[in-house]
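Peer 1: Please read through the structure below; I'll follow up with questions.
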Amino acid sequence: MDFSPSLEHVILLRRYKRFLADVRRADGSEITVHCANTGSMKNCLLPAQAALISDSGNTARKYRHTLEAVQLAHGHWAGVNTARSNALVEEAIRAGLIPDLSPDSGVERELKFGDSRLDLALGPRDKPHTLIEVKNVTLGPAPDEHDNGLVAFPDAVTERGQKHLKNLIEIAASGRRAVLFFCVQHSGARQLRPADEIDPRYGELLREAAEQGVSIQAWKATLTPQCFALQMPVPVLL
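In structure tokens form, the structure reads like this:
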């Protein structure tokens, strides 16, 4: 995922009303930008931290800029625009970078399953053989915690995420392949675990999904002002 122009370096002053953030630009001016993140952004928000924003160039938008990444404790970066995660995974699959997710039979977006929509699918749209749900991961160690490279999901209780796990278990039981794909937008990540202390039910369902044949994968992204891209797999500790 290339950015042209490159993402702009700013200082994040505050996030508020969930989808808004105020930032200070290099010239000292302050603007409000869109924050496309429905989570808590736990451990991602620090006082006056470095950040990156994109410019849509669309002057008709009330907030034409979007918060893309923030610098965390321990010097790491996190991609906080959750709208990017599906595109990053799709791009990697289409490029043939994920060994067991081949694009040869076709890659589709947003297929309905029951009362949910799953993010990606492989195969014909009317009869896909693989269905994929993508989750964005940014929760890492807090500033006062040891930087052990262990990231976690979710960062808040997620009933929607629980429902998706149940969907994936049903898909696996039907004979099709079900994949939960963690897009880890945290530059310090070395391992991933379920955040049982935040959402114990999600952790239970994640382990059940693994036992029932759901493929659980996690890949770490590189984050630069010029490009975001999936780089390497990260072990998932269940």
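The numbering of the sequence shown is this note's numbering, which starts it at 113 and goes up by one. For every residue, glycine included, the Cβ atom is placed at its ideal position computed from N, Cα and C. Remember, it's a predicted structure, so these values are computed and weren't measured experimentally.
Suppose the cutoff is 7 Å on Cβ atoms and the five residues either side in sequence are ignored; what does the same chain contact list for residue 134 look like?
Peer 2: So the list reads 125, 126, 142 and 144, once near-sequence residues are dropped.
Peer 1: Spell out a yes or no on whether the region 161 to 169 and the region 302 to 310 are touching, meaning 3 or more CB-CB pairs, one atom from each, closer than 8 Å.
Peer 2: No, they do not touch.
Peer 1: Would you decide whether residue 230 is buried or exposed? Buried here means 16 or more other CB atoms lie within 10 Å of its CB.
Peer 2: Classification of residue 230: buried, given that the 10 Å Cβ count is 16 or more.
Peer 1: Enumerated in chain order, which unbroken segments of the beta strand (DSSP E) with a length of 3 residues or greater are wholly contained in the region 200 to 231?
Peer 2: Listed in chain order, the complete beta strand (DSSP E) runs (minimum 3 residues) inside the region 200 to 231 are 219 to 225.
Peer 1: Could you give the residue range of the beta strand (DSSP E) that holds residue 332?
Peer 2: Here the beta strand (DSSP E) through residue 332 covers 327 to 335.
Peer 1: Do the region 197 to 215 and the region 266 to 283 touch if we need at least three Cβ pairs shorter than 8 Å?
Peer 2: Because the criterion of three Cβ pairs below 8 Å is not met, the region 197 to 215 and the region 266 to 283 do not touch.
Peer 1: Need the endpoints of the beta strand (DSSP E) that residue 347 sits in, please.
Peer 2: Where residue 347 is concerned, there is no enclosing beta strand (DSSP E), given that its DSSP letter is neither H nor E.
Peer 1: Give me the DSSP bridge partner(s) of residue 339.
Peer 2: BP columns for residue 339 point to 114.
Peer 1: Is residue 287 buried or exposed, if buried means 16 or more other CB atoms sit within 10 Å of its CB?
Peer 2: That one is exposed.
Peer 1: Is the distance from the Cβ of residue 335 to the Cβ of residue 189 below 8 Å?
Peer 2: Taking 8 Å as the Cβ cut-off, residue 335 and residue 189 qualify as a contacting pair.
Peer 1: In whole angstroms, what is the alpha-carbon distance linking residue 220 and residue 131?
Peer 2: When rounded, the distance between both Cα atoms is 28 Å.
Peer 1: Specify the secondary structure class of residue 236 as computed by DSSP and reduced to three states.
Peer 2: Three-state result, residue 236: coil.
Peer 1: Residues in its own chain within less than 6 Å of residue 253 by CB, not counting five upstream and five downstream?
Peer 2: Answer for residue 253: 259, listed in chain order.
Peer 1: In whole angstroms, what separates the C-alpha of residue 204 from that of residue 261?
Peer 2: Cα-Cα distance, rounded: 23 Å.
Peer 1: Which partner residues does residue 265 have in the DSSP bridge list?
Peer 2: In the DSSP output, where bridge partners are listed per residue, residue 265 has 306.
Peer 1: Return the CA-CA distance between residue 266 and residue 295, expressed in angstroms with no decimal places.
Peer 2: Residue 266 and residue 295: Cα-Cα distance of roughly 12 Å.
Peer 1: Which residues does DSSP list as the beta-bridge partners of residue 295?
Peer 2: Residue 295 is bridged to 248 and 331.
Peer 1: Taking DSSP as the reference, what is the three-state secondary structure of residue 316?
Peer 2: In the structure shown, residue 316 sits in a helix (DSSP, three-state: H, G or I).
Peer 1: Using the three-state DSSP reduction, which class does residue 197 fall into: helix, strand or coil?
Peer 2: Helix at residue 197.
Peer 1: Run through DSSP, which three-state label would residue 277 get?
Peer 2: If DSSP states are grouped into helix, strand and coil, residue 277 belongs with the helices.
Peer 1: With the cut-off set at 8 Å, would you say residue 285 and residue 343 are in Cβ contact?
Peer 2: Not in contact: residue 285 and residue 343 (Cβ atoms no closer than 8 Å).
Peer 1: Which residue comes first and which comes last in the beta strand (DSSP E) that contains residue 150?
Peer 2: First-last for residue 150: undefined, no H or E at that position.
Peer 1: Along the beta strand (DSSP E) that carries residue 192, what are the first and last residues, could you check?
Peer 2: Here residue 192 belongs to no beta strand (DSSP E), and DSSP marks it neither H nor E.
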